[in-house]
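Everything on this sheet refers to the single structure shown next.
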Amino acid sequence: MSVEPASALSSKDLVGISGLTAGEIQLILDTAEELLEVARRPIKKVPTLRGSTVVNLFMEPSTRTRFSFEVAEKRLSADTLNFSASTSSVSKGETLVDTARNLMAMAPDFIVIRHPNSGAPHRLAKVVPASIINAGDGINEHPTQGLLDAFTMRRHFGRLDGLKVVIAGDIRHSRVARSNAFLLTRMGAEVRFAAPASMLPLGVEELGVKTFLRIEPALEGADVAMMLRIQRERQSNVNLPSAREYFDFFALTPERLKLAAKHALVMHPGPMNRGVEIDSSVADGAQSVILEQVTNGVAIRMAILYLLAGGRGESAAHS
Amino acid sequence: MVNPQLVLDEAGLERTLIRMAAEIVERDGDRIMLVGIHTRGVPLARQLAKRISETCGVEVVVGRLDITLYRDDVGPWRPAHKQPLLKETFLPASIDGQVIYLVDDVLFTGRTVRAAIETLVDYGRPKAVRLAVLVDRGHRELPIAADVVGKVVQTARDEDVQVKIEEVDGASGVWIGKEVAHVG
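For the record, the sequence lines run as chains A and B. Position 146 of the first sequence, counting from 1, maps to 146 under our numbering, and the rest follow consecutively. Position 55 of the second sequence, counting from 1, maps to 55 under our numbering, and the rest follow consecutively.
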């Protein structure tokens, strides 16, 4: 399966992978490939988005994603404003839509939003003219993470089509797993979810993935092992007896990794719980691309900002 | 293009490249870097380097430059989310203290060259930046001039100049005509 890149994105927003075509995904990955190079220059900045304003609206704790967006925005010369839940009026009872309307009075071109409620970015996209970029909404999607994971795989294997990708851990609460499943299946990869039954989502069949209740058979011949964190903050009653027991049954250990293909990559979207879902020696091992994922994330977010930009010169555009 | 008129045939293009290569070496010697601007500037830079190595027996370094992120009509100035595709920038060595020849097929408004200079200086501080173009068609919109010119062609503003290079187009030559689909 070879996919021709689309010539442009069809929406003003990136709210999820589920709304993207294979051609659009290809365009984003191709664009990120060229933007990776900006980080290797003596001057790590291009003037493309100068004069554009980006609001980073983070209603949930995040370090990696927020920093990654901020670096991407700055490398494209955009101006950035950071709002976080603890410092904003949200904690004083303002609704999301009211917050966004107030922000619009400052004329941002983009709003990057992370929100505990699934669907919050979609709602925002309907009421404000700015481009909305979903930086993770509840247990729904985390599209830029899905894109950077796929980008990392494509850079190593030269393709996504036909790859066998294991996603293991707390899939039920993982927007990363959902975005990855949408993206990878759309691009022709085989996705294997491995989790205890209590951590598999309902309706998992509709995602077009294979499910495993043990990690060993899932790892058999896999090209990628992506480990997810146990999201204690999203579990009403923690669905596992102990972290130790989880480690014994589901963690990626050097022995279990041997079941995968020799060239298999070890991935983790972070934050990582060493000794729970992943053994330290695997996290730091030769097959780990966990830090590459972070570097690639900046390029993916730059690509999204670049591809979604535009519209200001509508009346005064020159050909 | 409607009724394209041939202004430089394959043999003419060959003679022009040899002369341009000679002019470059006469002016700056062979310790230079040629940097082609995407799209047609890239194969042209390779062609010029080949002529220089044939006449002087030295290999000159060739790079390629994508100016898209520095254009004055990208980002906010484009229609909503319709941005041009990015291409690869590759500079094989440091440009600090080097004489750099930017190479492009057609010099028109000068906006591409402005963006190319800005792109280049983000990679270092060259000793000098010069410009070599196969065709100068006039109609400048910025104060920019070429140092080495293959051919000056009188054109109307709405005419299109098409350069074809064997290695990418399967044919070689320069044509002008009324544009059908603008490619600039």
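No residue lacks a Cβ here, since even glycine has one placed at the ideal position from N, Cα and C.
A Cβ-Cβ distance of about 4 angstroms is found for the pair residue 137 (chain B) and residue 155 (chain B), placing them in contact under the 8 angstroms criterion.
Interface criterion not met: the Cβ of residue 24 (chain A) is under 8 angstroms from no Cβ in chain B. For residue 294 (chain A), the closest Cβ of chain B is not nearer than 8 angstroms. For residue 75 (chain B), a Cβ of chain A is located within less than 8 angstroms of the residue's own Cβ.
A distance below 6 angstroms between beta-carbons, with the five flanking residues on each side excluded, links residue 45 (chain B) to the following residues of its chain, in chain order: 34, 36, 62, 103.
Boundaries cannot be given for residue 170 (chain B), as no alpha helix (DSSP H) includes it and DSSP labels it neither H nor E. Within chain A, not a single residue places a beta-carbon under 7 angstroms from that of residue 154 (chain B); the smallest gap is close to 22 angstroms.
Under the three-state reduction of DSSP output, residue 197 (chain A) falls in the helix class.
The closest CA to that of residue 58 (chain A), considering only A:11, A:99, A:212, A:177, is found on A:99. When C-alpha distances from residue 54 (chain A) are compared across A:285, A:167, A:103, A:93, the shortest belongs to A:103. For residue 88 (chain B), the chain A residues whose C-beta falls within less than 7 angstroms of its own C-beta are 34, listed in chain order. Contact between residue 213 (chain A) and residue 172 (chain A) is absent: CB atoms are separated by about 13 angstroms, not below the 8 angstroms threshold. Taken in chain order, the complete alpha helix (DSSP H) segments of 4 or more residues contained in the stretch 94-162 of chain A are 96-104, 120-127, 143-157. For residue 109 (chain A), the nearest CB of chain B lies under 8 angstroms from its own CB, placing it at the interface with that chain. Residue 182 (chain A) is a Cβ neighbour of residue 146 (chain A), given a cutoff of 8 angstroms.
Burial state of residue 145 (chain B) is exposed, judged by a 10 Å Cβ sphere holding fewer than 16 other Cβ atoms. Residue burial is scored here from C-beta neighbours: residue 31 (chain A) has at least 16 other C-beta atoms within 10 angstroms and is therefore classed as buried. Residue 99 (chain B) and residue 32 (chain B) do touch by the CB rule: their CB atoms are close to 5 angstroms apart, below 8 angstroms. Cβ proximity to chain A below 7 angstroms picks out 122, 123 from the stretch 96-123 of chain B. Neighbours of residue 31 (chain A) across chain B, judged by C-beta separation under 7 angstroms: 86. With a cutoff of 8 angstroms on beta-carbon distance, residue 16 (chain B) and residue 8 (chain B) are scored as near each other. In the three-state reduction of the DSSP assignment, residue 258 (chain A) falls in the coil class, being assigned neither a helical nor a strand state. With the rule of 3 Cβ pairs closer than 8 angstroms, the stretch 191-210 of chain A does not count as touching the stretch 280-299 of chain A. Relative to the Cα of residue 69 (chain B), the nearest Cα in the group A:258, A:95, A:77, A:275 belongs to A:77. Of B:142, B:94, B:87, B:134, the smallest CA-CA separation from residue 124 (chain B) is found for B:94. At a cut-off of 8 angstroms between beta carbons, residue 139 (chain B) makes no contact with chain A. Going by DSSP, residue 211 (chain A) is part of the beta strand (DSSP E) stretching over 210-212.
Within the stretch 30-115 of chain B, the complete alpha helix (DSSP H) runs of at least 4 residues fall at 41-56. Closer than 8 angstroms to the CB of residue 12 (chain A) there is at least one CB belonging to chain B. Secondary structure at residue 144 (chain B): coil, using DSSP grouped into helix, strand and coil. For residue 134 (chain A) against residue 298 (chain A), the beta-carbon gap comes to about 17 angstroms, at or over 8 angstroms, which does not count as contact. In the structure shown, residue 177 (chain A) falls within a helical segment according to DSSP collapsed to helix, strand and coil. For the pair residue 75 (chain A) and residue 169 (chain A), the CB atoms are not nearer than the 8 angstroms cut-off. For a cut-off of 8 angstroms, the C-beta gap from residue 56 (chain A) to residue 82 (chain A) is around 5 angstroms, short enough to register as a contact.
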